[in-house]
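Enquirer: Right, I'll just put the structure down here and ask away after.
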Amino acid sequence: MRDFKIFIGIIIALAVIVGIVSIFQKQASDTNHNISHSSPYANIQKLPLKSPDTRTAIIPIVKNGVKEFQLSLNEIRWEYAKGKFVHAWAYNGQIPGPEIRVTEGDRVRVVVKNDLPVGTSIHWHGVHVENSADGVPGLTQYPIKPEETFTYEFTAKNAGTHFYHTHGSSHIDVALQFDMGLSGPFIIEAKNPKKYDREYVYLLDEWEVNPDGSNGALTHTGEHGEHIHKHDYNIFTINGRIFPDVDPLTVKDGERVLIRLINAGTQEVHPMHTHGHSFKVVAIDGNPVPQ
Numbered sequence: 063m064r065d066f067k068i069f070i071g072i073i074i075a076l077a078v079i080v081g082i083v084s085i086f087q088k089q090a091s092d093t094n095h096n097i098s099h100s101s102p103y104a105n106i107q108k109l110p111l112k113s114p115d116t117r118t119a120i121i122p123i124v125k126n127g128v129k130e131f132q133l134s135l136n137e138i139r140w141e142y143a144k145g146k147f148v149h150a151w152a153y154n155g156q157i158p159g160p161e162i163r164v165t166e167g168d169r170v171r172v173v174v175k176n177d178l179p180v181g182t183s184i185h186w187h188g189v190h191v192e193n194s195a196d197g198v199p200g201l202t203q204y205p206i207k208p209e210e211t212f213t214y215e216f217t218a219k220n221a222g223t224h225f226y227h228t229h230g231s232s233h234i235d236v237a238l239q240f241d242m243g244l245s246g247p248f249i250i251e252a253k254n255p256k257k258y259d260r261e262y263v264y265l266l267d268e269w270e271v272n273p274d275g276s277n278g279a280l281t282h283t284g285e286h287g288e289h290i291h292k293h294d295y296n297i298f299t300i301n302g303r304i305f306p307d308v309d310p311l312t313v314k315d316g317e318r319v320l321i322r323l324i325n326a327g328t329q330e331v332h333p334m335h336t337h338g339h340s341f342k343v344v345a346i347d348g349n350p351v352p353q
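Residues 63 to 353 in our numbering are what the sequence shown spells out, letter by letter.
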């Protein structure tokens, strides 16, 4: 009888938890669903045109031992090749978002200002963060409303190649926000790193670009109104650019080079190799590969 009462108690507790989460998710969803998921601009030509020439590095300010970074989310036209652009949502007005680089053990604070027409969130992919900073709307936080500021704070525990990206305002628009370009590198250097002569970080992404530069992601919805990914991508970028406008990887004979590759795309697999050269895979998903 006692075991049965314990069992019933567990069932009731689980039901309460599920109910609370469901309410949280509904409130998070309702918070954003009275806002149009399409651009408020009738003419995307009015959006600011951004390119690699307008990129700016993100430099932390140290406050009481905490490295603080500032991120804003903006609606832009991104020049992915000379004379060609795509309607995008960006961190700090650039594709990909600016690289955030810290050292293992650093306390990190990221202050996020949302200038998009929709609510959003940020997830730290591969980074072992406190649950409150995990960036899952409807579970660990409410979405960051337009014109609202939100602060994430955590300790950079696991060294490696990671990245940050949107988790949308809810399950309704997470696919849309991903395909609009919201991602960027997050590098945690080891306290005692291996020595390399040069290091390069390349973030891969995929886009459906219409002839007028509009983004096809805005029009793809499922049967229940949720935005979905489709395999209609026609532009594949490396650090926001396509060949021949991708920055070259320049090295000298005999140098030891580290290349960090991040596939921020959600659908496509990209086999990569250095033509005419050999390399060794030393880590996957931020974890060292046993040698």
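Yeah, the Cβ is synthetic: ideal placement off N, Cα and C, and Gly gets one too.
Near R322, which residues of its chain fall below 6 Å by C-beta distance, leaving aside the five closest residues on each side in sequence?
Expert: T223 and V263
Enquirer: How would you write the range of the alpha helix (DSSP H) that V236 sits in, first residue to last?
Expert: That run of the alpha helix (DSSP H) goes V236 to D241.
Enquirer: Rounded to whole angstroms, what is the Cα-Cα separation between P205 and G316?
Expert: 49 Å
Enquirer: Across which residues does DSSP place V173 in a beta bridge pair?
Expert: Q132 and T213
Enquirer: Given G122, which residues of its chain have a CB within under 7 Å of its CB, disregarding the five upstream and five downstream residues?
Expert: The sequence as given places Pro at residue 122; Gly does not occur at that position. Within the same chain, K129, E130 and F131 come within 7 Å of P122 by CB-CB distance, once the 5 residues on both sides are set aside.
Enquirer: Let me know the secondary structure DSSP gives K108 once reduced to three states.
Expert: helix
Enquirer: Among the residues of its own chain, which have a CB less than 7 Å from the CB of S84, if the five just before and after it don't count?
Expert: Low confidence applies to S84: its pLDDT is 46, below 50, so where it sits in the model is not reliable, and the reading given next is rough at best. Within the same chain, S84 has no close Cβ partners at all.
Enquirer: Excluding the five sequence neighbours on either side, which residues of its own chain have a C-beta within less than 7 Å of the C-beta of A358, listed in chain order?
Expert: The requested residue 358 is not part of the displayed model; the chain covers only 63 to 353.
Enquirer: Once you ignore the five residues that flank V124 on each side, which residues in its own chain have a CB closer than 8 Å to its CB?
Expert: E130
Enquirer: From which residue to which residue does the beta strand (DSSP E) around T228 run?
Expert: G222 to T228
Enquirer: Report the CB separation of A326 from F225 in whole angstroms; it is logged as a contact under 8 Å.
Expert: 6 Å
Enquirer: Could you say if the stretch 135-146 and the stretch 248-255 meet the contact criterion of at least three C-beta pairs nearer than 8 Å?
Expert: no
Enquirer: Quick one: is H185 buried, meaning 16 or more other Cβ sit within 10 Å of its Cβ, or exposed?
Expert: buried
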